[in-house]
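Report on the structure given below.
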Amino acid sequence: MHPIIHFFNVAIPTFGVLFLLGTGAAFLLGVYTARKYGITTMDAMFFGLFGIIGGISGAKILYIIVDLPNLLANPETALIRLATGGAVFYGGLIGGILGGYFYTRIYHLHTIQFFDIAVPCLALAQAFGRIGCFFNGCCYGIPYEGIGAVYYPVGAYPPSGIGLFPAQLSESVFLFILTLVLITVLWKSNVPGLTTGVYLLASGLFRFINEFFRADPRGAIGFLSTSQFISLLVIGLGFLFVMKIPQQLYEKQIKQ
Amino acid sequence: MEQYNNKAIASMVLGIVSLVCIFLGYFTIIGIVCAIIGLIFAIQIRKAGELEGFKPNGMATAGLVLNIIGLGLCALAFIACVACVGIIGTAGLYS
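Pasting the structure below:
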């Protein structure tokens, strides 16, 4: 496919371009969703920036923790490996949440409301990111010869010459639809935290199912993939948000 | 106010450094670190201005803008999907 875009003799990773496009679109959407709770554009933007800072740091820190034995075993290449590759997505997710939470804690803002306005933006950014995965060829699907089957060229990372299920694009389409659903829930609902709950439930459930249609090599916990295991935790957290339990705990904490 | 002026200068300088780091190839991570620190300074000044009722100076604004651009461009070069690290090496096949 097109993992690299050449622009005036400069090679730019396609995933990076789509990541930036997604982030830009998410920030624009954040300006709109922030109106729901009367949050200023500046606060919405800074919350997002803290989320990104936390995300980048978290992805790198978790990579270092996971890969520490290898980094210590080969200290001569450790610096290069730290500087070039290596990031763990779930570290980014946890770091991003902590970064956003940290911002609302410092400036005494309503954390749940900020998460509500952020989740449609997160879904939109993820949708762009998955298109980036499609162009890269990573996160590819199982062999499949039906409608929409993808055939990668010879030399690409996924198996070439056979039809593959478009697992990245199916997730991307789902996330675009989910963005619209979340915006609707945000505007119609008067319950803080419900939008966050719907996002966690829907994205966790879809990811869990979509993992069955993926064939790229990735970690496993028992008979489930690592992502499926984490999806179950995400779905559980989503249920708690829909049942308003974190909201009640948060209100109690504020009163104390 | 003195501490905010110093932070504004630091933020702007870090923003410029992060923009220069885009051309450092493998070591764009240095640019990301600089942009993150500069961005935190810039946000601190903006929020302090809002809470304490003063208008941040031009250097603070420049710092905010430069650090956002620096972080974005360094991330463009640095961030790749976890499973994609090996794929970049095959890019020559399509050029």
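If you read the sequences in order, they're chains A and B.
Oh and the first sequence: position 43 is 37 in my numbering, straight run, nothing missing.
Positions in the second sequence are counted from 1; adding 101 to them yields my numbering.
C-beta: ideal position from N, C-alpha, C; glycine also.
Leaving aside the five residues that flank residue 196 of chain A on each side, the residues in its chain whose CB is nearer than 6 Å to its CB run, in chain order, 172. Taken in chain order, the members of the segment 5 to 21 of chain A whose beta-carbon sits within less than 9 Å of a beta-carbon on chain B are 5, 6, 7, 9, 10, 11, 13, 14, 17, 18. Listed along the chain, the chain B residues whose CB falls inside 8 Å of the CB of residue 40 of chain A are 144, 147, 148. Scanning chain A for C-beta atoms nearer than 8 Å to the C-beta of residue 137 of chain B yields 47, 50, 51, reported in chain order. In the displayed model, residue 45 of chain A falls within a helix according to three-state DSSP. Using a Cβ distance threshold of 8 Å, residue 12 of chain A and residue 142 of chain A do not count as a contacting pair. Residues of chain B with a Cβ closer than 7 Å to the Cβ of residue 43 of chain A are, in chain order, 140, 144.
In the three-state scheme derived from DSSP, where H, G and I count as helix and E and B as strand, residue 164 of chain A is classed as helix. With fewer than three CB-CB distances shorter than 8 Å, the segment 106 to 113 of chain B does not count as touching the segment 128 to 137 of chain B. Residue 33 of chain A: not part of any alpha helix (DSSP H); DSSP gives it neither H nor E. Between residue 128 of chain A and residue 162 of chain A a beta carbon distance of about 4 Å is seen, short of the 8 Å cut, so the two are scored as contacting. When Cβ-Cβ separations below 8 Å define contact, residue 178 of chain B makes contact with chain A. Beyond the five residues adjoining it in sequence on each side, residue 39 of chain A comes within less than 6 Å, by CB distance, of no other residue in the same chain. Residues of chain B with a Cβ closer than 7 Å to the Cβ of residue 101 of chain A are, in chain order, 148.
With its beta carbon less than 8 Å from one in chain A, residue 173 of chain B belongs to the interface. Across the set B:157, B:152, B:177, the C-alpha of B:152 shows the shortest separation from the C-alpha of residue 103 of chain A.
Rounded to whole angstroms, the separation of the alpha carbons of residue 59 of chain A and residue 24 of chain A is 32 Å. Using a CB distance below 7 Å, no part of the segment 231 to 249 of chain A faces chain B.
As computed with DSSP, residue 4 of chain A is found in a beta bridge with A:1.
C-alpha of residue 18 of chain A to C-alpha of residue 154 of chain A: approximately 33 Å in a straight line. Its chain contains 154, 155 as the residues whose beta carbon lies nearer than 8 Å to that of residue 148 of chain A, once the 5 sequence neighbours on both sides are disregarded; these appear in chain order. The shortest CA-to-CA distance from residue 49 of chain A to any of A:64, A:15, A:90 is the one to A:90. For residue 99 of chain A, the number of other beta carbons within 10 angstroms of its own is below 16, and it is reported as exposed.
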